[in-house]
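One structure is given below, encoded as structure tokens.
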Amino acid sequence: ITWTKGQGWHSPKVVPYGPLSLDPSAAVLHYGQEIFEGMKAYRHEDGSVWLFRPERNGERFRTSAARMMLPDLPVDLFVQAVRELVTIDARYVPEAAGEHSLYIRPFMIASEAFLGVRAAEEVTFLVIASPVGPYFAEGVKGVDIWVTDKWARAGVGGTGAAKCGGNYAASLIAQYEGYEHGCTQVMFIEAAEKDRVEELGGMNVFLISADGQLVTPALTGTILDGITRDSILAVGEQLGLTPVERRLSAQEFLDGIAEGTFVEAFCCGTAAVISPISGFKSERGEWRLKGQDFATTVRIRDAVLDIQYGRTPDRFDWLQRVV
Ligand code: PMP
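One rule links them: number in full-length UniProt numbering = place in the sequence shown (from 1) + 38.
Dropping the structure here:
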């Protein structure tokens, strides 16, 4: 779908997957005016195909667009476009067995051709999709996380709450530093605000305390309002945990692990749903979680997946049938 200033959204098209034709001066290629979303379609046992909280993705897309001076796309148009693509591509939604799904990537780019720093007056919204396999093909394993306060992903007043490409480009250097230390993800600490735990490169982070608290950094405008994060807070409460969203300093976070206040940790996002964390590493040392069986983490993970794959009643009314 194209947007042109003065004309609004127009010319919706469905075309076979293939290369895009963009002018070399397209603003997105130079000034990064771009946003995206990540969501999935799930096939249930009876063959039906469902989306999980698609309006939340649509709302977050509007938030991202506003931050990046991109035009507003109404949530119903966003969801309609996603539904249409999933309907056309329904045969590519894998069978219910395992954790297969159809990954959906809606995105909006400044396609106007001009060199200069201003909001584009021609923008393109696109949706692509691809089948994906289970994140943990050989069973759920704990991962190690690299903790950095040397690199910031997005600072106060920045673009952290927007899902824009630049955030990910900015986080790569820290992620690769993490790889060098045997870690699969990096956790960012907001240093300017004196030591506040934020999120991972592409996931939100949670701690489980010995007394049953499910703790995650509060939404501060510098981190992404994860849909998995929000769902886990609700599901966790249903499982008898106490959801807590608050400020966490790196010191409290890591000391709490060392002292056994926090017994499990996990990260979450649409791709992996929930990934248990074995330990954290930084320039200053290493912190291992006590609960290496990830018992509570796996319980939450199964509860979320059971809703997504229709194996349990959808009490929260999160699913939307497409086919
Ligand atoms: N934080 C960041 C930086 C992310 O890229 C993602 C993945 N979209 C998340 C958190 C988790 O968000 P969600 O649960 O909506 O996938």
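Glycine is no exception: its CB is placed at the ideal position from the N, C-alpha and C atoms.
- Take the alpha-carbon of Gly329 and the one of Gly259: they are about 31 Å apart.
- Straight across, the Cα-Cα distance linking Leu115 with Met146 is about 13 Å.
- Taking a contact to require three or more Cβ pairs closer than 8 Å, the region 249 to 268 and the region 313 to 321 do not qualify as touching.
- Membership of Gly196 in any alpha helix (DSSP H) is not indicated, and neither H nor E is assigned to it by DSSP.
- Within the model, the alpha-carbon separation for Ile312 versus Gln71 is close to 30 Å.
- With fewer than 16 other CB atoms across the displayed protein chains lying within 10 angstroms of its CB, Ala230 is exposed.
- In the assembly as shown, Thr280 is an exposed residue. Its beta-carbon has fewer than 16 other beta-carbons within 10 Å.
- Rounded to whole angstroms, Arg359 and Gln45 show a C-alpha spacing of 32 Å.
- In this structure, the C-beta of Glu237 approaches ligand 1 to less than 8 Å from one of its heavy atoms.
- Taking the Cβ of Gly196 as the reference point, every heavy atom of ligand 1 lies at 8 Å or farther away.
- Runs of the beta strand (DSSP E) spanning 3 or more residues and lying entirely within the region 202 to 238 occur at 223 to 228, 234 to 238, in chain order.
- Counted as a single uninterrupted DSSP element, the stretch harbouring Ala64 is not any beta strand (DSSP E), since DSSP gives it neither H nor E.
- Across the structure, Pro172 and Lys188 are spaced so that their CA atoms are roughly 33 Å apart.
- Annotation: the continuous alpha helix (DSSP H) that includes Leu271 extends over 265 to 276.
- Leu252: member of the beta strand (DSSP E) spanning 251 to 255, first to last residue.
- Setting aside the 5 residues that flank it on each side, Lys201 is surrounded in the same chain by Ile73, Phe74, Glu75, Arg98, Ser102, Leu262, each with a C-beta closer than 7 Å to its C-beta; the list follows chain order.
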